[in-house]
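Colleague:
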Amino acid sequence: MVRLGVPFAEGRRVAAAELRCGAAAHRHHPPAGAAPGERRCGAGVAARRHLPAGTAQNERGATMRTNGRLFIAALALFAAGCGTGAPRNEAVIRIKGSESMSLLVQRWAEAYMSAHPGVSVRADGGGSADGIRAMTEERVELCATSRPLTTEETGRLAARHSSVGVSILGARDALSIVVHPSNPVKALTLEQVRGIFAGEIVNWRQAGGDDRPVTPVVREPNSGTYLYFDEHVMAGRSVSAAARNAAGARALAAAVAADSGAVGYSTPAVAENVAFVSLNGVAPAAENVRSGAYPVSRYLYLYSVHPPAGEVKKFVEWVTGPEGQRVVKENGYIPLYDVP
234 MVRLGVPFAE
244 GRRVAAAELR
254 CGAAAHRHHP
264 PAGAAPGERR
274 CGAGVAARRH
284 LPAGTAQNER
294 GATMRTNGRL
304 FIAALALFAA
314 GCGTGAPRNE
324 AVIRIKGSES
334 MSLLVQRWAE
344 AYMSAHPGVS
354 VRADGGGSAD
364 GIRAMTEERV
374 ELCATSRPLT
384 TEETGRLAAR
394 HSSVGVSILG
404 ARDALSIVVH
414 PSNPVKALTL
424 EQVRGIFAGE
434 IVNWRQAGGD
444 DRPVTPVVRE
454 PNSGTYLYFD
464 EHVMAGRSVS
474 AAARNAAGAR
484 ALAAAVAADS
494 GAVGYSTPAV
504 AENVAFVSLN
514 GVAPAAENVR
524 SGAYPVSRYL
534 YLYSVHPPAG
544 EVKKFVEWVT
554 GPEGQRVVKE
564 NGYIPLYDVP
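See below:
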């Protein structure tokens, strides 16, 4: 018998004593014929006096081998219990997707894990398209995307899972036009923005600015922000081949901040060291997004293959509830509704 919770050396002594003496009841009822004061344990010490030579040594060897096996078993149990230190029954929620949402998803994960110590939320970026692919292939429980799924993406989901996916609204966002802080142009029309990114406006003088060349910067094609901009801003016009590509929302903001003639588009939450431009005379402020006055706003989504269940459902309910929406507000995104 192995007793857990005692030091190993003590455990070995206890095990050896129990093997030698057996049940305690035998210690107080010596068999008939025992000498006064003689103790017999199981086969008895006295009985061993009449065993053939060498048998006692064999018994001691067997006892030591048994004790060794018990010690090794206890050590294995201890090692298995320690492992890497992670709880064996820890729930894991994996999320992958939008770079525009990466800051928000990471903050959601941190806040949720702080409030729910038995849950691990693992957040990763890569772009909306990569997140949707990972969800379809069941490598993650949720994907984060800055756009709805395309017809092709829902078709792949349906073919593989007999489901077109479940969308969960997580936040709102203003798709903002950003320029270098030194650029005097602080307002553009949507038509001017189309002309800039189509390569028709090539100098800022054409938009009321200084004499400097325009450098359009766009997101990578697998980005949900790229597709949203292409559909809702370009409206069928092609982006100029001269436009520079940036791998991620932060990379785009950094590229614009480093070039006095640059212009790009981004979520305000991750656009640092740049200036925001009004569109059609409306600033990309939260109140203008909620009222519908700002012309280019969008929802930010979480998607799952099937309706969320278990810990994933609890996480989604937390995200859309007051606590999750406060995280949205605190990190520069726009909550679904007013939160204190």
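Adding 233 to a residue's 1-based position in the sequence shown gives its number in our numbering.
Even for Gly, the Cβ is constructed at its ideal location relative to N, Cα and C.
How far does the beta strand (DSSP E) with Gly330 in it reach, from first residue to last?
Modeller: Looking at the DSSP string, the run of the beta strand (DSSP E) that includes Gly330 is Ala324 to Gly330.
Colleague: For the pair the region 485 to 496 and the region 523 to 541, tell me if three or more CB-CB distances fall below 8 angstroms.
Modeller: They do not touch, by the three-pair rule.
Colleague: Near Gln425, which residues of its chain fall below 8 angstroms by C-beta distance, leaving aside the five closest residues on each side in sequence?
Modeller: If we look at Gln425 and ignore the five residues flanking it on each side, its Cβ neighbours are Ile434 and Ala440.
Colleague: Beta strand (DSSP E) containing Asp443: first to last residue?
Modeller: Asp443 -> no beta strand (DSSP E), and no H or E assigned at all.
Colleague: In this structure, what does DSSP give as the bridge partners for Ile365?
Modeller: DSSP lists no partner for Ile365.
Colleague: Since Tyr532 sits in a beta bridge, which residues does DSSP pair it with?
Modeller: For Tyr532, which the question treats as bridged, DSSP gives the partners Arg405.
Colleague: Helix, strand or coil, according to DSSP, for Arg260 in the structure here?
Modeller: Because the pLDDT at Arg260 is just 42, under 50, the model does not fix this residue reliably, and the value given afterwards should be weighed accordingly. Of the three classes helix, strand and coil, the one that applies to Arg260 here is helix, per DSSP.
Colleague: Per the contact definition of three or more C-beta pairs closer than 8 angstroms, is the region 388 to 401 in contact with the region 540 to 552?
Modeller: With a cut-off of 8 angstroms, the region 388 to 401 and the region 540 to 552 count as touching, because enough Cβ pairs lie within range.
Colleague: From the DSSP secondary-structure annotation, give me the bridge partner or partners of Pro517.
Modeller: In DSSP, Pro517 forms no bridge with anything.
Colleague: Name the DSSP bridge partner or partners of Asn478?
Modeller: Note: Asn478 sits in a beta bridge opposite Val451.
Colleague: DSSP has Tyr498 in a bridge; who is on the other side?
Modeller: According to DSSP, Tyr498 bridges with Ile410.
Colleague: Within 10 Å of its beta-carbon, does Gln290 have 16 or more other beta-carbons around it, so buried, or fewer, so exposed?
Modeller: Only weak support is given to the placement of Gln290: the predicted model assigns it a pLDDT of 48, under 50, and the value that follows is read from those uncertain coordinates. With fewer than 16 Cβ atoms within 10 Å of its Cβ, Gln290 is classed as exposed.
Colleague: Sorted by chain position, which residues of the same chain lie with C-beta nearer than 7 angstroms to Gly481's C-beta, five sequence neighbours on each side aside?
Modeller: For Gly481, where only same-chain residues beyond five positions count, the Cβ hits under 7 angstroms are Glu332.
Colleague: Thinking just about the alpha-carbon of each residue, which of Ala526, Ala519, Gly565 and Val507 is nearest to the one in Ser223?
Modeller: Only positions 234 to 573 of the chain appear in the structure, and residue 223 is not among them; the question remains open.
Colleague: For Ala268, name the three-state secondary structure that DSSP assigns.
Modeller: In this prediction, Ala268 scores a pLDDT of 45, lower than 50, which makes its location untrustworthy; the coordinate-derived value is nonetheless stated afterwards. In the structure shown, Ala268 sits in coil (DSSP, three-state: anything other than H, G, I, E or B).
Colleague: Examine the Cβ distances between the region 372 to 385 and the region 509 to 517 and report whether three or more of them are shorter than 8 angstroms.
Modeller: No contact exists between the region 372 to 385 and the region 509 to 517.
Colleague: Take Ala276 and list the residues in its own chain whose beta-carbon comes closer than 7 angstroms to its own, dropping the five residues that flank it on each side.
Modeller: Because Ala276 sits at a pLDDT of 38, beneath the cut-off of 50, its placement in the model cannot be relied upon, and the following sentence gives the value as read from the coordinates. Taken in chain order, the list of residues that qualify is empty.
Colleague: Just mark Ser524 as buried or exposed, buried being the case when its beta carbon has 16 or more other beta carbons within 10 Å.
Modeller: Exposed, since its Cβ has fewer than 16 Cβ neighbours within 10 Å.
Colleague: Give the DSSP-derived three-state secondary structure of Thr422 in the structure shown.
Modeller: Thr422: coil per DSSP, three-state reduction.
Colleague: What does the Cβ neighbour count give for Pro417, buried or exposed, with the cut at 16 atoms within 10 Å?
Modeller: With fewer than 16 other Cβ atoms within 10 Å, it is exposed.
Colleague: Pick from Val489, Ala468, Gly330 and Gly469: whose alpha carbon is nearest that of Asn478?
Modeller: That would be Val489, whose Cα lies nearest to the Cα of Asn478.
Colleague: Quick one: what does DSSP say Ile618 is sitting in, helix, strand or coil?
Modeller: Nothing can be reported for residue 618, as the shown portion of the chain is limited to 234 through 573.
Colleague: Name the residue from Leu375, Met346, Ser409 and Ser347 whose alpha carbon lies nearest to the alpha carbon of Asp357.
Modeller: Closest by alpha carbon: Leu375.
Colleague: In whole angstroms, give me the CA-to-CA distance for Ala486 and Thr500.
Modeller: Going by the C-alpha atoms only, they are around 10 angstroms apart.
Colleague: In this structure, how does DSSP classify Ser493 when only helix, strand and coil are distinguished?
Modeller: It is coil, neither helix nor strand.
Colleague: Measure the CB-CB distance between Glu544 and Ile365 and report whether it falls below 8 angstroms.
Modeller: For Glu544 and Ile365, no; Cβs fall outside 8 angstroms.
Colleague: Helix, strand or coil for Asp357 per DSSP?
Modeller: Correct three-state label for Asp357: strand.
Colleague: Check the DSSP bridge columns for Val538 and list the partner residues they point to.
Modeller: DSSP output for Val538 lists no bridge partner at all.
Colleague: Are the C-beta of Val515 and some C-beta of chain B separated by less than 8 angstroms?
Modeller: The structure shown contains no chain B; it holds only a single protein chain.
Colleague: List the endpoints of the continuous alpha helix (DSSP H) containing Ala344.
Modeller: Segment Ser335 to Ala348, the alpha helix (DSSP H) holding Ala344.
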